[in-house]
Amino acid sequence: MSVEVLLSDEQKTSLQQDIFKMVNDSLEQAKKGTGINSKEWLKKYEACNYLGVANNTFDQFIKRGLPSHTINNKTFYNRKEIDDFILKF
1 MSVEVLLSDE QKTSLQQDIF KMVNDSLEQA KKGTGINSKE WLKKYEACNY
51 LGVANNTFDQ FIKRGLPSHT INNKTFYNRK EIDDFILKF
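Residue numbers (the numbering used here): 1 to 89.
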């Protein structure tokens, strides 16, 4: 059973704009969730926020082998390495 809906040109344009906006908003949310627009290298507090864990929990991850990278006495954590570590953990 099919239903046919007749729309005026104005209604059709409005519907297309609404659909475009919903898709665009969804894509932006997905980019944020997957890190497409996010930093690749994180400071410790950013890595804790990324994982949603406390500083002490993150310290345990480091003790268990989470890779870190130090440049000019500043330590950074790679987002992909964090993801890989958590998947293996």
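Glycine residues also receive a C-beta, built at the ideal position from the N, C-alpha and C atoms.
Quick one, which of the options has its alpha-carbon nearest residue i's?
{"i": "N55", "options": "K63, R64, Y45", "result": "Y45"}
{"i": "L66", "options": "N72, T57, K74", "result": "T57"}
{"i": "I86", "options": "N73, K43, I71, A47", "result": "A47"}
{"i": "R79", "options": "N73, M1, S68", "result": "S68"}
{"i": "N49", "options": "I82, D25, R64", "result": "I82"}
{"i": "D59", "options": "Y77, N73, L7, D25", "result": "Y77"}
How many angstroms separate the CA atom of residue i from the CA atom of residue j?
{"i": "D18", "j": "D9", "result": "14 Å"}
{"i": "T13", "j": "E40", "result": "39 Å"}
{"i": "I36", "j": "L51", "result": "Residue placement at I36 cannot be trusted, given a pLDDT of 46 that sits under 50; what the coordinates show is reported in the next sentence. Distance between the alpha carbons of I36 and L51 is about 16 Å."}
{"i": "Q16", "j": "K88", "result": "44 Å"}
{"i": "L42", "j": "Q29", "result": "20 Å"}
{"i": "V5", "j": "V23", "result": "22 Å"}
{"i": "S2", "j": "L27", "result": "30 Å"}
With DSSP collapsed to three states, give me the class of residue i.
{"i": "N73", "result": "coil"}
Please classify residue i as buried or exposed, where buried requires at least 16 other C-beta atoms within 10 Å of its C-beta.
{"i": "F61", "result": "buried"}
Exercise. Which residue spans inside the region 17 to 60 form an unbroken alpha helix (DSSP H) run of at least 4?
Worked result: 44 to 51
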